[in-house]
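Peer 1: Under our numbering, think of the first position of the sequence shown as 986, with each following residue one higher.
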Amino acid sequence: MPNRLDLPSDFRWGVSTASYQIEGAVDEDGRGPSVWDTFAARPGAVRDGHTGAVACDHYHRYAEDVALMQGLGLDGYRFSIAWPRIRPTGAGPANPAGLDFYDRLVDALLAAGITPLPTLFHWDLPQALEDAGGWLNRDTAYRFAEYTAVVADRLGDRVPAWITLNEPFVHMVYGYALGIHAPGHALMLDALPAAHHQLLGHGLAASVLRERGLDVMIANNLTPVRPASTSEADQAAATAYDALHNRLFTDPILLGSYPDLSAFDVGPDLGGSVRDGDLELIAGPGLDALGVNYYNPTRIAAPTDPALPFTEAPIEGVPRTAFDWPVVPDGLRELLTGLRHRYGAALPPITITENGCSVADQPGADGTVSDPDRIDYLAGHLDALAAAVAEGVDVRGYFTWSLLDNFEWAEGFSQRFGLVHVDFETQRRTPKASYEWYGDLIAAHRALQQG
Ligand code: GBH
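1. By Cβ distance, which residues of its chain are closer than 8 Å to F1024, with the 5 residues on each side in sequence left out?
2. Need the endpoints of the alpha helix (DSSP H) that T1224 sits in, please.
3. Excluding sequence positions up to five away, which residues of its chain have a Cβ less than 7 Å from the Cβ of G1323?
4. Who pairs with R1072 in a beta bridge, going by DSSP?
5. Report whether the distance from the Cβ of V1155 to the nearest heavy atom of the ligand SAM is below 6 Å.
6. Count the other CB atoms within 10 Å of the CB of S1419; is the residue buried (16 or more) or exposed (fewer)?
7. With DSSP as the reference, identify every bridge partner of T1104, one or two as the case may be.
8. Alpha helix (DSSP H) containing E1297: first to last residue?
9. Is W1386 near the ligand GBH, in the sense that its beta carbon is under 6 Å from a heavy atom of that ligand?
10. Indicate whether the contact test is met: 3 or more Cβ pairs, each with one atom in the segment 1039 to 1046 and one in the segment 1125 to 1132, closer than 8 Å.
11. When you compare the CB positions of L1233 and H1187, do they come within less than 7 Å of one another, or not?
12. Counting only the same chain and skipping the five closest in sequence on each side, list residues whose C-beta sits under 6 Å from that of F1402.
13. Less than 7 Å separating the beta-carbons of L1320 and L1370?
14. I'd like to confirm the pairing. Which residues does DSSP put opposite P1291 in its beta bridges?
15. Taking just the CA atoms, how far does G1382 sit from L1110?
16. Count Cβ pairs between the segment 992 to 1012 and the segment 1056 to 1067 that sit closer than 8 Å; are there 3 or more?
17. Do you know offhand how far V1378's Cα is from R1325's?
18. Taking the alpha-carbon positions, what's the P1299 to R1123 distance?
19. Alpha carbon to alpha carbon, how far is T1224 from P1237?
20. In terms of residue numbering, what span does the beta strand (DSSP E) encompassing R1440 cover?
21. Taking 7 Å as the threshold (C-beta atoms), are G1241 and L1264 in contact?
22. Hey, out of D1351, L1121, P1244, I1148, whose CA is closest to L1172's CA?
23. Taking only the alpha-carbon atoms, compute the straight-line gap between A1428 and D1033 and give it to the nearest angstrom.
24. Which value, in whole angstroms, describes the spacing of the CA atoms of T1100 and V1051?
25. Can W1310 be considered in contact with the ligand GBH, in the sense that its beta carbon sits closer than 6 Å to one or more heavy atoms?
26. On a Cα-Cα basis, can you pick out the residue from D1358, G1352, L1084, F1086 that is closest to F1308?
27. Under the three-state reduction of DSSP, which class applies to E1339: helix, strand or coil?
28. Let me check understanding here. Comparing Cα to Cα, which of Y1226, V1039, Q1055 lies closest to E1421?
29. Excluding the five sequence neighbours on either side, which residues of its own chain have a C-beta within less than 7 Å of the C-beta of P1294, listed in chain order?
30. Under the criterion of a Cβ to heavy atom distance below 6 Å, does E1152 qualify as lining the ligand GBH?
31. Is A1171 near the ligand GBH, in the sense that its beta carbon is under 6 Å from a heavy atom of that ligand?
32. Taking all protein chains shown into account, do 16 or more other C-beta atoms lie within 10 angstroms of the C-beta of D1356, making it buried, or fewer, making it exposed?
33. For F1398, which of helix, strand or coil comes out of DSSP?
34. When you measure from the CB of N1231 to every non-hydrogen atom of the ligand GBH, does any distance come out below 6 Å?
35. Buried or exposed: where does L1433 fall if 16 or more other Cβ atoms within 10 Å of its Cβ makes it buried?
36. If you compare alpha carbons, which of T1411, L1404, A1373, S1216 is closest to M988?
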């Protein structure tokens, strides 16, 4: 069996974060409000009333955080750019102080030998754009392309590859269909225009990047969908769910078409949002690498409620994370080989842009943080990844979620995903056992593969 040390010699190791989850400094240097500032201020929206107002204070402590990355020996760092720092009201002139922050961060990374991999949208939309309809408004896609041009012009001389969107599925479902994330709309299937407009924004931004000679990626949260049984009803439900979760955000980019959503009573115009020529705008620029965020598989059964054509069924008999998510490392191999089978020659190289788990870890009496469950999770998933590579899937890198414990959206600070423990009272950073393990793995892989 191949294992993680057998990954190719040019395989790239990284960590991931996102702006609203770590930066804090929400009122500084001209940043405008984002939908997450507004949403987190709503009573009951976030556990314990937490907000990202301070988070990890990374805005002021980025140099210390880059030093932690350097200690891991990373090749790359995936972070996100806060759109409301760059264009505080979503339109109009750029904010120079916001651009300066990412300029300093990029230079610090390069000085540490780390390639920056920015994500342009990781859910913190300028509130002013939400006031005009957010991603339900087609106009937001054009504002996204304008903002992309501003940051690409400033950083493109030092940043080779860019991720347009993070998890447009989660943003649509949690933010627009269920209302458990910002902007907090509970529109159920009427949220679908937010899928199309994000994808249109991806396509327009991709053209802007291409024109500047930059590489284009997207980070989709993909899941292998397993029918709960071999019954026809469960299999049909699984096919419907797979179309909504996986294909809706990948087919238009790689194949130039939307999947069949007729099981949802949704036509090919996604609620009237798709116009002539849009699919060409989405697929036309192409994709240099597909970013895959993987956490767990999904088990789907026939519907119990007539409103939707599926129901989620629990995955039993496997370990669970502190967040209660099932731990199924082989699901990553299943997902990757499935993508290769589905898209064939249309599938670009893959980078794992997120994978990790929440562990309820706290410093012990001696001050160290022991997180064996995270080490098991990462080791298992990296071995599954190596198995997929051995089966012929072209995977170029792995970015674990996350460098730091951070603001975990609706869960506030209660779920800890970091390789580095953060004390949110003192901002003290303590590398966990998993940090040492990951750094040792990177060094061992390099020594073995590069001699
Ligand atoms: C990502 O979302 C985000 O990009 C990132 O910002 C976030 O902090 C990180 O992951 C950790 O949450 O119902 O048991 O099957 C991940 C989105 C949505 C992944 C729900 C797993 C299903 C768990 N996820 N999900 S389960």
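Heads up, the beta-carbon is just placed ideally off N, CA and C, and yes, glycines get one too. Small disclaimer: the values here were computed from a predicted structure and weren't measured.
Peer 2: Working from what's here:
1. Residue numbering aside, residue 1024 sits at position 39 when the sequence shown is read from its first letter. Around F1024: A1030, V1031, H1166, A1167, P1168, G1169.
2. Within the sequence shown, residue 1224 is the residue found at index 239, counting from 1. Where T1224 is concerned, the enclosing alpha helix (DSSP H) stretches over 1217 to 1230.
3. Residue 1323 sits at position 338 when you count from the first residue of the sequence shown. Cβ within range, chain order: P1209.
4. Along the sequence shown, one-based indexing puts residue 1072 at 87. Note: R1072 sits in no beta bridge, so no partner.
5. This structure simply doesn't include the ligand SAM; it includes the ligand GBH instead.
6. As a position in the sequence shown, residue 1419 is number 434, starting the count at 1. By the 10 Å Cβ count, S1419 comes out buried.
7. In the sequence shown, the residue the question calls residue 1104 occupies position 119. For T1104, which the question treats as bridged, DSSP gives the partners S1065, I1148.
8. Within the sequence shown, numbered from 1, the residue matching residue 1297 stands at position 312. That residue, E1297, is in no alpha helix (DSSP H); its beta strand (DSSP E) goes 1296 to 1298.
9. Here residue 1386 corresponds to residue number 401 of the sequence shown, with the count starting at 1. At least one heavy atom of the ligand GBH is nearer than 6 Å to the Cβ of W1386, so yes.
10. no
11. Translated into positions along the sequence shown, residue 1233 becomes position 248. Translated into positions along the sequence shown, residue 1187 becomes position 202. Taking 7 Å as the Cβ cut-off, L1233 and H1187 do not qualify as a contacting pair.
12. Residue 1402 sits at position 417 when you count from the first residue of the sequence shown. Cβ neighbours of F1402 beyond the five flanking positions: G1341, S1343, W1386, S1387.
13. For this step, residue 1320 is matched to residue 335 along the sequence shown. For this step, residue 1370 is matched to residue 385 along the sequence shown. Taking 7 Å as the Cβ cut-off, L1320 and L1370 do not qualify as a contacting pair.
14. Taking the sequence shown and counting its residues from 1, one reaches residue 1291 at position 306. Partner(s): none; P1291 has no beta bridge.
15. Against the sequence shown, residue 1110 aligns to sequence position 125. Against the sequence shown, residue 1382 aligns to sequence position 397. Taking the straight line joining both Cα atoms gives about 28 Å.
16. yes
17. Looking up residue 1378 in the sequence shown gives position 393. Looking up residue 1325 in the sequence shown gives position 340. Distance between the alpha carbons of V1378 and R1325 is about 7 Å.
18. Here the question's residue 1299 lines up with position 314 in the sequence shown. Here the question's residue 1123 lines up with position 138 in the sequence shown. Their Cα atoms are separated by approximately 36 Å.
19. Residue mapping note: residue 1224 aligns to position 239 of the sequence shown, counting from 1. Residue mapping note: residue 1237 aligns to position 252 of the sequence shown, counting from 1. Going from the Cα of T1224 to the Cα of P1237 covers about 17 Å.
20. Because the chain spans 986 through 1436 in this model, residue 1440 falls outside it and cannot be assessed.
21. The residue you call residue 1264 lines up with position 279 of the sequence shown. The residue you call residue 1241 lines up with position 256 of the sequence shown. Less than 7 Å divides the Cβ of L1264 from the Cβ of G1241.
22. Position 187 of the sequence shown, counting from 1, holds the residue named residue 1172. Considering only alpha carbons, the answer is L1121.
23. Taking the sequence shown and counting its residues from 1, one reaches residue 1428 at position 443. Taking the sequence shown and counting its residues from 1, one reaches residue 1033 at position 48. For A1428 and D1033, the distance between alpha carbons rounds to 40 Å.
24. In the sequence shown, the residue the question calls residue 1100 occupies position 115. In the sequence shown, the residue the question calls residue 1051 occupies position 66. Their backbone Cα atoms lie some 11 Å apart in a straight line.
25. Residue numbering aside, residue 1310 sits at position 325 when the sequence shown is read from its first letter. For the ligand GBH, at least one heavy atom lies less than 6 Å from the Cβ of W1310.
26. Here residue 1308 refers to the residue found at position 323 when the sequence shown is read from its first residue. Per the Cα distances, D1358.
27. On the sequence shown, position 354 is the one that residue 1339 refers to. Residue state, collapsed to three classes: strand.
28. Here residue 1421 refers to the residue found at position 436 when the sequence shown is read from its first residue. Ranking the options by Cα distance to E1421, first place goes to Q1055.
29. In the sequence shown, the residue the question calls residue 1294 occupies position 309. Around P1294: A1222, A1225, A1248, F1249, P1288.
30. Stepping through the sequence shown from its first residue, residue 1152 is reached at position 167. Because some heavy atom of the ligand GBH lies under 6 Å away, the Cβ of E1152 counts as near it: yes.
31. Indexing the sequence shown from 1 puts residue 1171 at position 186. It does not: the Cβ of A1171 is nowhere closer than 6 Å to a heavy atom of the ligand GBH.
32. As a first step, residue 1356 is located in the sequence shown; it is residue number 371 there, counting from the start. It counts as buried.
33. Locating residue 1398 in the sequence shown gives position 413, where the first residue counts as 1. The three-state reading of DSSP puts F1398 in coil, since its state is none of H, G, I, E or B.
34. As a working mapping, residue 1231 is identified with position 246 in the sequence shown. Checking the Cβ of N1231 against the ligand GBH gives no.
35. Translated into the one-based positions of the sequence shown, residue 1433 becomes position 448. Answer is exposed; the Cβ neighbour count stays below 16.
36. For the purposes of this step, residue 988 is taken as residue 3 along the sequence shown, with counting starting at 1. Sequence inspection shows Asn at residue 988; the Met mentioned does not correspond to that position. That would be A1373, whose Cα lies nearest to the Cα of N988.
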